[in-house]
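If you read the protein sequences in the order shown, they are chains A and B.
In this text, residue positions in the first sequence follow our numbering: the first is -12, and each later residue adds one.
In this text, residue positions in the second sequence follow our numbering: the first is 5, and each later residue adds one.
Each residue gets a CB set at the ideal place from its N, CA and C atoms; glycine is no exception.
Since the structure is predicted, the reported quantities are computational estimates derived from the model, not experimental observations.
Everything below concerns the one structure shown next.
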Amino acid sequence: MTDKRDENILFFPGEIGERALRARLTAGEDAAYRECYQQYAPKLMRVLGGILRNKARAEELLQETFVAAFRSIGNFRGEVSLGTWLARIATNRAYNAIRDEARAKRTAPPIAEDRVALLEPNVEGRDLARKVLAILGQMDPAKKLALLLQAEGYTVAEIAEISGEPRGTILARLSRSRAELSLRMVQAGLVTEAVPAASMQERP
Amino acid sequence: MSECLSLRERHFGPGLDNPADPVWLAHLELCQDCRLAFQALPHVDCALSEIARLPMAVPSFDTIAGAAAGAARSQRRRRAVRRSAPFFYTALGTAALAAGLIVAVLVGRAHQLAPKLLTEGAEIQATSEAKSAVLSTGARIRLEAGSLRLASSSSEHQSLVLSSGRVSLEVPKLPAGSTLSVRTPDAEVRVHGTRFQVIRTGKETQVHVAEGLVEVRPEGVGRPVQMLRAGESATVASAEDYREGLRHSTLAALDHGQFGAAEKQIGQLLGTSPDVAQQAEAQALLAWSFSARGKRSEAIARYRQSLALLPRSQRPLWAENACVELAILVQQESQQQSTGTWAECLGRFPDGVHAALARSRVHSTK
């Protein structure tokens, strides 16, 4: 069965596996909590890292997300998938953190933060991804979130659930974000090999 | 600029590819930004997938192990409370019943009331106070709540129907071959000569036996018959709860690769008179089990049966998955025949999560 999987398809084992995991979580099975963390943490860490651009803060929020989710797993009714639910908690916390930080900066003198380049230790040979993450950091937060979630394989419907916005809005935002990112990548010289040099020189 | 934005929304979305649009082609001739961005679009997808592949150092689970263990303990406590509640109420109910019976006997003796004879088709209701009646066999009935009907009465068998409420019976030793039963929506309780009580709540039936032997037959194929002796009680879950339990254990069995056990449970589930949507999902689960065991043709037949059963107006995720699974299996049998199946997927779930895949397979298999 596994050899027939297509990466775009949600197969029965996925949904069944998730329901079984949910049942084990609500039954209070210790091992299920570890499995849930191991299954969803890497994906959420990338999303949080992309939003916050601060590794230490992303790790902190990742832990807060799972602790909050585990405490309220009994109230999770399964209207959306477990992954979508966790992503919603994580992104809400990330944006709350950004808002809090912005408010603190307005009222207090700037403090030299120990900001580390996110993912720096892990990006050897991943230059393109690192540069694109830097470009995403300059984009509108909502557009950045949509692109990060798309990168992690969430569907339009799931991104809509996570963002709490209509599906059509998300689809339009994704199109605009992809166009903007594409243009920014061209301007940053990341795709020169695919674009004729003459076209680039014609630009004002 | 607004034309750019509008056209970009139509041509830059994930999975959108309509290069033959003449308006778009004409626009690309004129707008250099759109042209450059569109040419570079494949690099966007490439870069996004690179981001998803970035190795990520995730903090160890041990950092939240304490909190997770606390949450697990809390869940177990909540579950234990939910489980013990019915036993507590059963014990309470039994105590109340015993007290009620004593009071009833004392009051009955004091007033020397002759209870009414219940005939076939007759119904008694206990709205404000308990009602008493006797059957032609001499069985004494005390209805404490709800309504009770004598559905059939012959020399061999008498059948009472309790749709909801609480009834206590005192049945004298019946002649050989003769039975008396109380039916609720969840179970049939058969006796030969005994004193017992049946309580039908919203979701279950409770039986308490004071004397003799009672046979409890839950509704649904494969559910075990229970024999209760004096002092014993039983609670029969509703068919719906029983089905939900079976469904849950089937999913767990499939998840652990125990296909034989899963198929047996699906058989039991189908024997409980499930509604059409439940039947359809059960058939899809059976199909998936067959598919996992390499029985492709049986799996195809079951998937077809499942999708035929489910009304087209209902579009749960499992049905869309089943439709795609079916199309993939058909494609493995015959590339040509699969076009129709993919088209069926697309027609039935046009906005589904697999719509883009179905659309591309329809084009590629034509």
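Cβ-Cβ distance between L274 of chain B and Q283 of chain B below 8 Å:
Residue 274 of chain B sits at position 270 when you count from the first residue of the second sequence. Residue 283 of chain B sits at position 279 when you count from the first residue of the second sequence. A contact, by the Cβ cut-off of 8 Å.
Return the chain-ordered list of same chain residues with a C-beta closer than 8 Å to the C-beta of D190 of chain B, the five sequence neighbours on each side being excluded.
The sequence position of residue 190 of chain B within the second sequence is 186, counting from 1. Within the same chain, D190 of chain B has close Cβ partners R204, E208, T209, P222, E223, V240, A241, S242 and A243.
Let me make sure I understand the geometry here. Which of A:V34, A:S59, A:N62 and A:I60 has the alpha-carbon closest to that of L49 of chain A?
Here residue 49 of chain A is taken as the residue at index 62 of the first sequence, counted from 1. From the listed residues A:V34, A:S59, A:N62 and A:I60, the smallest Cα separation to L49 of chain A is found for A:V34.
State the DSSP-derived secondary structure class of F16 of chain B, mapped to helix, strand or coil.
Here residue 16 of chain B is taken as the residue at index 12 of the second sequence, counted from 1. In this structure, F16 of chain B counts as coil in the three-state DSSP scheme.
Cβ of V119 of chain A within 8 Å of any chain B Cβ
Here residue 119 of chain A refers to the residue found at position 132 when the first sequence is read from its first residue. Yes, its Cβ sits closer than 8 Å to a Cβ of chain B.
Is L255 of chain B close to chain A? Criterion is C-beta to C-beta, closer than 8 Å.
Here the question's residue 255 of chain B lines up with position 251 in the second sequence. It does: the Cβ of L255 of chain B has a partner Cβ on chain A nearer than 8 Å.
Please state whether the Cβ-Cβ distance between L161 of chain A and Q125 of chain A is less than 8 Å.
The count along the first sequence starts at 1 and reaches residue 161 of chain A at position 174. The count along the first sequence starts at 1 and reaches residue 125 of chain A at position 138. Contact: no.
Please specify which runs of the alpha helix (DSSP H), each continuous and at least 4 residues long, are wholly inside the region 251 to 335 of chain B, giving them in chain order.
Qualifying alpha helix (DSSP H) stretches, in chain order: 263 to 274, 280 to 296 and 300 to 313.
Whole-angstrom distance between T188 of chain B and G129 of chain B, CA atom to CA atom
Sequence index remark: in the second sequence, residue 129 of chain B carries index 125 (1-based). Sequence index remark: in the second sequence, residue 188 of chain B carries index 184 (1-based). A small fix is needed here, since residue 129 of chain B is Gln in this sequence, not Gly. Pairing Q129 of chain B with T188 of chain B, the inter-Cα distance amounts to about 15 Å.
Using a Cβ-Cβ cut-off of 8 Å, state whether D245 of chain B counts as contacting chain A.
Position 241 of the second sequence, counted from the first residue, corresponds to residue 245 of chain B. It does not; no Cβ of chain A falls within 8 Å.
Going by DSSP in three states, P189 of chain B sits in which element: helix, strand or coil?
Along the second sequence, one-based indexing puts residue 189 of chain B at 185. The answer is coil: DSSP assigns P189 of chain B none of H, G, I, E or B.
Do you know whose CA, among B:T141, B:S182, B:R194 and B:L166, lies nearest G206 of chain B's CA?
Within the second sequence, the letter at position 202 stands for residue 206 of chain B. When each option's Cα is compared against that of G206 of chain B, the closest is B:L166.
Chain B contact for A138 of chain A (CB, 8 Å cutoff):
In the first sequence, residue 138 of chain A corresponds to position 151, counting from 1. Using a Cβ-Cβ cut-off of 8 Å, A138 of chain A counts as an interface residue toward chain B, since at least one Cβ of chain B sits closer than that to its own.
Can you have a look at T198 of chain B and say buried or exposed, based on whether 16 or more other CB atoms are within 10 angstroms of its CB?
Within the second sequence, the letter at position 194 stands for residue 198 of chain B. Burial is judged here by how many other beta carbons sit within 10 angstroms of a residue's own beta carbon; T198 of chain B has at least 16 and is buried.
Less than 8 Å between the beta carbons of A234 of chain B and G216 of chain B, yes or no?
Taking the second sequence and counting its residues from 1, one reaches residue 234 of chain B at position 230. Taking the second sequence and counting its residues from 1, one reaches residue 216 of chain B at position 212. Going by C-beta atoms, A234 of chain B is nearer than 8 Å to G216 of chain B.
What's the gap between the Cα of P59 of chain B and the Cα of Y307 of chain B?
On the second sequence, position 55 is the one that residue 59 of chain B refers to. On the second sequence, position 303 is the one that residue 307 of chain B refers to. Here the alpha carbon of P59 of chain B sits roughly 39 Å from the alpha carbon of Y307 of chain B.
As assigned by DSSP and simplified to three states, the class of M172 of chain A
For the purposes of this step, residue 172 of chain A is taken as the residue at position 185 of the first sequence. DSSP places M172 of chain A within a helical segment (H, G or I) once states are collapsed to three.
DSSP-derived helix/strand/coil call for L173 of chain B
The sequence position of residue 173 of chain B within the second sequence is 169, counting from 1. Note: L173 of chain B maps to strand in three-state DSSP.
Pairs of beta-carbons, one from the region 33 to 53 of chain B and one from the region 129 to 149 of chain A, closer than 8 Å: are there three or more?
Contact holds: three or more Cβ-Cβ distances are below 8 Å.
Would you verify that the beta carbon of E267 of chain B is, or is not, closer than 8 Å to some beta carbon of chain A?
Here residue 267 of chain B corresponds to residue number 263 of the second sequence, with the count starting at 1. Chain A contact via Cβ: absent.
Best match in B:H260, B:R251, B:A76 and B:T67 for proximity to A286 of chain B [C-alpha to C-alpha]
As a first step, residue 286 of chain B must be located in the second sequence, where it is residue number 282. Per the C-alpha coordinates, the member of B:H260, B:R251, B:A76 and B:T67 positioned closest to A286 of chain B is B:R251.
Checking the sheet assignment: what are the DSSP bridge partners for Q230 of chain B?
Residue 230 of chain B sits at position 226 when you count from the first residue of the second sequence. B:V220.
Where G4 of chain A meets chain B, residues with beta-carbon distance less than 7 Å
Counting from one through the first sequence, the residue named residue 4 of chain A turns up at place 17. Taking a Cβ-Cβ threshold of 7 Å, the residues of chain B close to G4 of chain A are D259, in chain order.
Following the continuous beta strand (DSSP E) through S151 of chain B, name the residue where it begins and the one where it ends.
Residue mapping note: residue 151 of chain B aligns to position 147 of the second sequence, counting from 1. R144 to S157 is the extent of the beta strand (DSSP E) around S151 of chain B.
Is it a yes or a no for the region 48 to 68 of chain A touching the region 59 to 71 of chain B, going by three-plus beta-carbon pairs under 8 Å?
The answer is yes - the region 59 to 71 of chain B touches the region 48 to 68 of chain A, with three or more Cβ pairs under 8 Å.
At least 3 beta-carbon pairs within less than 8 Å: the region 28 to 44 of chain B vs the region 17 to 24 of chain A:
The region 28 to 44 of chain B vs the region 17 to 24 of chain A: no contact.
To be precise: take each residue of the region 47 to 73 of chain A, compare its Cβ to all Cβ atoms of chain B, and keep it if any distance is under 8 Å. Which residues remain?
Of all residues in the region 47 to 73 of chain A, only L49, Q50, F53, V54, F57, R58, I60 and G61 come within less than 8 Å of chain B when Cβ atoms are compared, listed by chain position.
Among A:G15, A:L8 and A:N79, nearest to R83 of chain B - alpha-carbon criterion:
The count along the second sequence starts at 1 and reaches residue 83 of chain B at position 79. Measuring C-alpha to C-alpha distances from R83 of chain B to each of A:G15, A:L8 and A:N79 identifies A:G15 as the nearest.
Cβ-Cβ distance between L34 of chain B and S169 of chain A below 8 Å:
Here residue 34 of chain B corresponds to residue number 30 of the second sequence, with the count starting at 1. Here residue 169 of chain A corresponds to residue number 182 of the first sequence, with the count starting at 1. No, the pair does not count as a contact, with Cβ atoms beyond the cut-off.
Shortest alpha-carbon distance to R319 of chain B belongs to which of B:E302, B:F353 and B:Q336?
Within the second sequence, residue 319 of chain B is the residue found at index 315, counting from 1. Among B:E302, B:F353 and B:Q336, the Cα nearest to that of R319 of chain B belongs to B:F353.
Hey, does A147 of chain A have any beta-carbon neighbour from chain B nearer than 8 Å?
Position 160 of the first sequence, counted from the start, is the residue given in the question as residue 147 of chain A. A147 of chain A is outside the set of residues whose beta carbon lies under 8 Å from a beta carbon in chain B.
Option in B:E192, B:A257, B:Q262 and B:F200 with minimal Cα separation from P228 of chain B:
As a working mapping, residue 228 of chain B is identified with position 224 in the second sequence. Selected option, being the one with the closest Cα: B:E192.
What does the alpha-carbon distance come out to for the pair A312 of chain B and L177 of chain A?
Translated into positions along the second sequence, residue 312 of chain B becomes position 308. Translated into positions along the first sequence, residue 177 of chain A becomes position 190. Cα-Cα distance, rounded: 51 Å.
Am I right that T52 of chain A and R11 of chain A are in contact with their C-beta atoms under 8 Å? What's the rounded C-beta distance?
Within the first sequence, residue 52 of chain A is the residue found at index 65, counting from 1. Within the first sequence, residue 11 of chain A is the residue found at index 24, counting from 1. Taking C-beta atoms under 8 Å as the contact rule, T52 of chain A and R11 of chain A fail to qualify, at a distance of about 19 Å.
Would you mind sorting M231 of chain B into buried or exposed? The rule is 16 or more other CB atoms within 10 Å of its CB.
To locate residue 231 of chain B, count along the second sequence from 1; it is residue 227. By the Cβ-count criterion, M231 of chain B is exposed, with fewer than 16 other Cβ atoms from all chains shown falling within 10 Å of its own Cβ.
If you follow the beta strand (DSSP E) that K207 of chain B is part of, which residue opens it and which one closes it?
Stepping through the second sequence from its first residue, residue 207 of chain B is reached at position 203. It is not in any beta strand (DSSP E) - K207 of chain B carries neither H nor E in the DSSP assignment.
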